Amino acid sequence: MSLKPLKAENHKDLSSMKELPDSYAWSSVDDDCLLSCSSEPVPVINLEDPNVMKHVGHACKTWGVFHVTNHGIPMAVLDDMEASVRKLFYLPIQQKLKAARAPDGVSGYGAVRISSFFHKHMWSEGFTIIGSPYEHAKKLWPQDYKNFCVVVDEYNKEMKKLTNRLMWLVLGSLGITEGDVKWARQTRDTKEACPALQLNSYPACPDPDRAMGLAAHTDSSLLTILHQNNTSGLQVQREGMGWVTVPPIKGALVVHVGDLLHILSNGLYSSVLHRAIVNRAQHRLSIAYIYGPPSNVRISPLSKLTSIVRPPLYQPVTWSEYLAIKAKYFNKTLSIVRLSAPVNGFVDLKDHKSVIVG
Ligand SMILES: C=C1C[C@]23C[C@@]1(O)CC[C@H]2[C@@]12CCC[C@@](C)(C(=O)O1)[C@H]2[C@@H]3C(=O)O
Ligand SMILES: O=C(O)CCC(=O)C(=O)O
Ligand SMILES: [Fe+2]
Numbered sequence: 001m002s003l004k005p006l007k008a009e010n011h012k013d014l015s016s017m018k019e020l021p022d023s024y025a026w027s028s029v030d031d032d033c034l035l036s037c038s039s040e041p042v043p044v045i046n047l048e049d050p051n052v053m054k055h056v057g058h059a060c061k062t063w064g065v066f067h068v069t070n071h072g073i074p075m076a077v078l079d080d081m082e083a084s085v086r087k088l089f090y091l092p093i094q095q096k097l098k099a100a101r102a103p104d105g106v107s108g109y110g111a112v113r114i115s116s117f118f119h120k121h122m123w124s125e126g127f128t129i130i131g132s133p134y135e136h137a138k139k140l141w142p143q144d145y146k147n148f149c150v151v152v153d154e155y156n157k158e159m160k161k162l163t164n165r166l167m168w169l170v171l172g173s174l175g176i177t178e179g180d181v182k183w184a185r186q187t188r189d190t191k192e193a194c195p196a197l198q199l200n201s202y203p204a205c206p207d208p209d210r211a212m213g214l215a216a217h218t219d220s221s222l223l224t225i226l227h228q229n230n231t232s233g234l235q236v237q238r239e240g241m242g243w244v245t246v247p248p249i250k251g252a253l254v255v256h257v258g259d260l261l262h263i264l265s266n267g268l269y270s271s272v273l274h275r276a277i278v279n280r281a282q283h284r285l286s287i288a289y290i291y292g293p294p295s296n297v298r299i300s301p302l303s304k305l306t307s308i309v310r311p312p313l314y315q316p317v318t319w320s321e322y323l324a325i326k327a328k329y330f331n332k333t334l335s336i337v338r339l340s341a342p343v344n345g346f347v348d349l350k351d352h353k354s355v356i357v358g
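Residues in the sequence shown are numbered consecutively from 1, following UniProt numbering.
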């Protein structure tokens, strides 16, 4: 399996469609369960709670996803970002295509990267920003690009502070201290981690029960922080329960455990399978801050979390190597880098072309 370049004719103006074209109509064959099956709520964690570390650890272990409140990010920063993302997706399609992602590129406008693994199109548009938004903004608004850049930079700055805080809560909940993960300390020797910002737009859909906004996947990140507008759509899979809706909570953010945290924790905290469904009446937006390690760091199970009875379960891997494997094998990637009982035999990580993430 490998990613095909996105063809220009695949870019349709979804918001003007009155019927669902067959190429967008999913069935249970394309995805394992289109119906939501559980109503148990995803944990909500108040970051000012004195027992916050314990709650974070429990949520990571049992769900792999949780809401955070009292996170310290000003409401204005979230609102301004949402307004800028709306403005971007409301641009005419020809204008958005000026910032289209190159066939082998990682950033810019286009269908989400995993699209090529499916026979049907997803009812969504995406925009990926890695590093500065400047080049993209210049193409979208040649005369008026500054505001977008200011808003995105401010959003990234706030997200960086929050992910750093969350990362230490997660590590602390595993009994890990600063001395155990030197790269996670901000020192002059450490290269900066370069997160990806994934903007998603899900226009109202004429036949939502047969459409799929974003197909089931895990994120490759350590942690992903998601801001959704006031419209439901995100669902997570919980073992034995099926798909659980993660409704938006005003002012709260959703945190996902990603594949690299799954590896780092030696499988104690599993990455969460999630997807986005669509609805008939409302346009949904989401903004995912996808946080990974610095590019020179190989992530492997932390030695404090391994023992003779629980040996390391995963090969050491950099974020770029992991993304390159994911671009070929999608949801099988974690099992490919698994050491014991490999599904496809051991992988020579150098065989995979690097994908630059920063
Ligand atoms: C750093 C990255 C993670 C991501 C691939 C990317 O290079 C940029 C986009 C990210 C995203 C967002 C939507 C879901 C996802 C699976 C995808 O197709 O593109 C993730 C990728 C990932 O986490 O593997
Ligand atoms: O739109 C959503 O709620 C999910 C987005 C997502 O999973 C992603 O961008 O990786
Ligand atoms: Fe995701």
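Quick reminder that beta carbons are idealized off the backbone N, C-alpha and C, glycines included.
The structure presented is a predicted model; accordingly, all values stated were derived computationally and were not measured.
Could you check whether residue j and residue i sit closer than 8 Å to each other, using their CB atoms as the reference points?
i           : j    : result
V112        : G131 : no
H136        : G108 : yes
M122        : M17  : no
N331        : R284 : no
residue 360 : P248 : Past the edges of the chain, shown from 1 to 358, lies residue 360, and the structure says nothing about it.
M53         : G172 : yes
L264        : D180 : no
L14         : P142 : no
V278        : C205 : yes
Y291        : C60  : no
P50         : E192 : no
K120        : A25  : yes
Any idea what DSSP makes of residue i, helix, strand or coil?
i           : result
S335        : helix
S107        : coil
W243        : strand
I93         : helix
H217        : strand
F127        : strand
V297        : coil
L162        : helix
H55         : helix
L35         : Note that L35 scores a pLDDT of 47, beneath 50, so its modelled location is shaky; the value from the coordinates is reported in the next line. In this structure, L35 counts as coil in the three-state DSSP scheme.
S286        : strand
residue 382 : Since the first and last residues shown for the chain are 1 and 358, residue 382 lies out of range.
H262        : helix
T318        : coil
L169        : helix
I114        : helix
R310        : coil
I45         : strand
R238        : strand
R210        : helix
I176        : coil
I249        : coil
R275        : strand
Taking the alpha-carbon positions, what's the residue i to residue j distance?
i           : j    : result
S220        : E321 : 11 Å
A288        : Q95  : 23 Å
K304        : G64  : 21 Å
I299        : D207 : 42 Å
P43         : T69  : 11 Å
P74         : V317 : 35 Å
W183        : T333 : 24 Å
L339        : L313 : 5 Å
A76         : H227 : 13 Å
P311        : I129 : 37 Å
N164        : E19  : 44 Å
L88         : S201 : 10 Å
I176        : Q315 : 20 Å
L260        : T62  : 17 Å
S124        : G57  : 33 Å
H256        : L169 : 14 Å
A99         : Y155 : 21 Å
residue 388 : K161 : Since the first and last residues shown for the chain are 1 and 358, residue 388 lies out of range.
F117        : L166 : 32 Å
residue 395 : E40  : There is no way to answer for residue 395, as the model of the chain reaches only from 1 to 358.
N46         : F66  : 10 Å
L91         : Y134 : 17 Å
D104        : S115 : 14 Å
D22         : K12  : 13 Å
R101        : E178 : 38 Å
S335        : Y329 : 10 Å
Q282        : V106 : 28 Å
G267        : I93  : 42 Å
Quick one: is residue i near chain D, going by C-beta distance under 8 Å?
i    : result
S173 : Looking at the structure shown, chain D is missing, and only one protein chain is on hand.
- Query: Can you pull every residue whose C-beta falls closer than 5 Å to some heavy atom of ligand 2, listed in chain order?
  - Reply: Look at which beta carbons fall closer than 5 Å to any heavy atom of ligand 2; those residues are Q198, N200, L234, A276, S286 and A288.
- May I ask you to verify whether the region 149-167 touches the region 76-96, counting CB pairs closer than 8 Å and requiring at least 3? yes
- Task: Determine, using beta-carbon pairs with one atom in the region 192-206 and one in the region 236-254, whether at least three such pairs fall under 8 Å.
- Result: no
- Task: Count the C-beta pairs between the region 251-261 and the region 305-316 that are closer than 8 Å, then say yes if the count reaches three, no if not.
- Result: no
- Message: With a threshold of 8 Å, are at least 3 pairs of Cβ atoms found where one atom belongs to the region 209-217 and the other to the region 269-279?
- Response: yes
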